[in-house]
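Accompanying notes for the structure given below.
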Amino acid sequence: MGSTEGSIIIQVVILAILLVSSGFFSASETALMSLSKIRIRHMQEEDIKGSKLVGKLTEDSGKLLSSILVGNNIVNIAATSLSTSLFITILNGRSEAVPVATAVMTILVLIFGEITPKTIAANNSEKVAIAVSKPIKLIIWILTPIVWIFNIITSVIFKVFGIKSNIGQPYITEEELKTMVNVSHEEGVLEIEERQIINNVFQFGDMQAKEAMVQRLDMVCINAQDSYEEVINLFKEEQFSRMPVYEESVDDIIGIVNIKDVIFLSEDEINNFDIRNYVREAFFTYEFKKITELLEEMKKDKSQMAIVVDEYGGTSGLITIEDLVEEIVGEIEDEYDEEDEDIQVIKEDEYIIDGGKKISEVNELIGTNLESEEFDSIGGFIIGYLKRLPEENEVIEVDNVRFCIEGLDKNRIKKIRVFT
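When you line the sequence shown up against our numbering, it's residues 24 to 443, in that order.
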């Protein structure tokens, strides 16, 4: 074997090593960069060997990616240079040596340095990431000075062109998480009830007390002047365990009375009954209070009911712990609750809806897309659209949805027939 043949064999072996190295860097990039923080955290919780190192490497994703790209480019450039030299030797310096080398290397790099390793890594990202983590750690350490210089240069380029870095931004946004929930439901991972509860949790964080409260007009309160018999009859009629007590008007709430405090009174206590002696201090909050904060405050205060006031101190409504929980899990009914008839389905495209029903709930239940920045209820939406109180049997059409007013109570819309 001549020296030329020996040289060719050595170059071929080195070229093969460089191609394998290119495949290694490509597989490492795909595996490590495709692993989400959630998957890495899950791997660590499962105590999978090597997962802690993977997590440590991906903490500084910029440095990791730069090191892999620098390493990959070094081996690819070296392989291209070597193959050119190799084909010049094989073809005895003929002019077609360079294009032949370019064509052959393009095919080899694409197959063995890009497509194959990246496909394998994409399908086995966890296993590949763990397998390459130790050598990648060593490569990062070796290339740190070079990567540091390149990072400074790229930072300057970013500033010149006004490109903002993603460092410090959340890995996943709320909207992306909502999309993940919907996709999980579509793929059968989550049941419809589970998806609804998760979506309700997102909405819960943005809601204010005024959106979840019982409206002032729907509040049932006890007059401080009421007799014992009137109080007990009201409790029996409404089937509530506690109710607010007011003096002259609902704007003057003096406290909350619990049925347990008045149900077992002696004859003498009944004869001298004054409900003021049995009221407990009311918990007050304001309309724009976030219900996440309100829930914490009510738990801390051990209050089951809060009186919601407006900016002038007047009573807007009331809200209970049950109301807050229902915003997440849906309606909670006990043996005293009557069946919810806020929305009655007459036929596929015809419904009878209570005027106090929330617009968001109407949209969800009948598939409409009604929106209002000023009003929460469907009745308020119609009043806002007309700029006046409608007349009974009046028909209004909004966004291809027809509304027929079927019931009014003073200045409130009670019942609406909706055609979609």
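Note that the Cβ used here is the ideal one computed from N, Cα and C, for glycine as well.
Given the structure is predicted, the values throughout are model-derived calculations rather than measurements.
Quick one: give me the first and last residue of the alpha helix (DSSP H) that residue i is part of.
i: glutamine 219; result: 215-229
i: valine 273; result: Looking at the DSSP string, valine 273 is not in any alpha helix (DSSP H), and its letter there is neither H nor E.
i: phenylalanine 263; result: Looking at the DSSP string, phenylalanine 263 is not in any alpha helix (DSSP H), and its letter there is neither H nor E.
i: arginine 62; result: 60-68
i: aspartate 432; result: Counting along the chain, aspartate 432 falls outside any alpha helix (DSSP H), though it belongs to the beta strand (DSSP E) covering 424-432.
i: alanine 329; result: Looking at the DSSP string, alanine 329 is not in any alpha helix (DSSP H); the run it does join, the beta strand (DSSP E), is 328-332.
i: valine 155; result: 148-184
i: valine 385; result: 382-389
i: glutamate 292; result: 290-294
i: leucine 317; result: 314-324
i: glutamate 354; result: No alpha helix (DSSP H) holds glutamate 354; DSSP gives it neither H nor E.
i: aspartate 249; result: Run containing aspartate 249: none; DSSP gives neither H nor E here.
Quick check: what's the CA-CA separation for residue i versus residue j?
i: valine 212; j: lysine 201; result: 14 Å
i: phenylalanine 404; j: isoleucine 369; result: 22 Å
i: leucine 409; j: glutamate 394; result: 14 Å
i: phenylalanine 426; j: aspartate 346; result: 28 Å
i: valine 35; j: glycine 46; result: 16 Å
i: methionine 24; j: isoleucine 31; result: Low confidence applies to methionine 24: its pLDDT is 48, below 50, so where it sits in the model is not reliable, and the reading given next is rough at best. The alpha-carbon atoms of methionine 24 and isoleucine 31 are separated by roughly 11 Å.
i: glycine 353; j: threonine 196; result: 25 Å
i: glycine 136; j: valine 43; result: 7 Å
i: phenylalanine 311; j: glutamine 231; result: 5 Å
i: serine 108; j: isoleucine 61; result: 47 Å
i: isoleucine 314; j: isoleucine 276; result: 21 Å
i: leucine 341; j: phenylalanine 307; result: 9 Å
i: glutamate 384; j: glycine 407; result: 18 Å
i: aspartate 372; j: isoleucine 344; result: 35 Å
i: glutamine 219; j: glutamine 226; result: 10 Å
i: asparagine 96; j: valine 170; result: 13 Å
i: glutamate 209; j: aspartate 324; result: 41 Å
i: aspartate 249; j: glutamate 261; result: 16 Å
i: tyrosine 335; j: alanine 247; result: 23 Å
i: lysine 187; j: glycine 29; result: 53 Å
i: alanine 120; j: glutamate 198; result: 54 Å
i: tyrosine 309; j: isoleucine 282; result: 26 Å
i: lysine 322; j: glycine 228; result: 17 Å
i: isoleucine 143; j: valine 179; result: 36 Å
i: valine 441; j: methionine 203; result: 33 Å
i: valine 132; j: valine 98; result: 11 Å
i: isoleucine 111; j: proline 122; result: 10 Å
i: serine 289; j: glutamate 217; result: 49 Å
i: tryptophan 164; j: proline 158; result: 10 Å
i: glutamate 436; j: methionine 66; result: It is worth fixing the name first, because residue 436 is isoleucine in this sequence and not glutamate. Using only the alpha carbons, I get a separation of about 56 Å.
i: glutamate 292; j: phenylalanine 263; result: 22 Å
i: serine 207; j: glutamate 69; result: 22 Å
i: lysine 259; j: asparagine 205; result: 44 Å
i: isoleucine 37; j: alanine 124; result: 15 Å
Identify the continuous beta strand (DSSP E) that holds residue i and give its terminal residues.
i: alanine 305; result: Segment: none, alanine 305 is in no beta strand (DSSP E) and carries neither H nor E.
i: lysine 370; result: 366-370
i: glutamate 377; result: First, the residue type needs correcting, since residue 377 is aspartate and not glutamate in the sequence shown. Looking at the DSSP string, the run of the beta strand (DSSP E) that includes aspartate 377 is 373-377.
i: threonine 343; result: 338-343
i: lysine 437; result: 435-442
i: isoleucine 405; result: First-last for isoleucine 405: 401-409, but that is the alpha helix (DSSP H), not the beta strand (DSSP E).
i: glutamate 209; result: Run containing glutamate 209: none in the beta strand (DSSP E); it sits in the alpha helix (DSSP H), 197-209.
i: isoleucine 419; result: 418-421
Determine, using beta carbons only, whether residue i and residue j come nearer to each other than 9 Å.
i: lysine 182; j: leucine 76; result: no
i: leucine 87; j: leucine 55; result: yes
i: alanine 50; j: lysine 141; result: yes
i: aspartate 274; j: arginine 303; result: no
i: isoleucine 153; j: glycine 73; result: yes
i: lysine 438; j: glycine 378; result: yes
i: valine 127; j: serine 156; result: no
i: isoleucine 245; j: isoleucine 286; result: no
i: isoleucine 382; j: glutamate 429; result: no
i: isoleucine 91; j: isoleucine 162; result: yes
i: aspartate 422; j: asparagine 392; result: yes
i: serine 89; j: phenylalanine 173; result: yes
i: isoleucine 389; j: threonine 443; result: yes
i: leucine 166; j: glycine 94; result: yes
So does the stretch 267-284 actually touch the stretch 326-336, counting three or more Cβ pairs closer than 8 Å? The stretch 267-284, when compared against the stretch 326-336, does touch it at the 8 Å Cβ threshold.
Count Cβ pairs between the stretch 143-154 and the stretch 43-55 that sit closer than 8 Å; are there 3 or more? Judged by pairs of C-beta atoms under 8 Å, the stretch 143-154 touches the stretch 43-55, as three or more such pairs exist.
Counting pairs of beta carbons, one from the stretch 230-241 and one from the stretch 290-300, are three or more of them closer than 8 Å? In short, these stretches do not touch, since the Cβ pair count stays below three.
Taking contact to mean 3 or more Cβ pairs, one atom from each stretch, closer than 8 Å, check whether the stretch 98-107 and the stretch 79-86 are in contact. Flag = no, the stretch 98-107 and the stretch 79-86 do not touch.
So within the stretch 67-125, which uninterrupted alpha helix (DSSP H) runs reach at least 4 residues, ignoring any that extend past its ends? Within the stretch 67-125, the complete alpha helix (DSSP H) runs of at least 4 residues are 74-82, 84-113.
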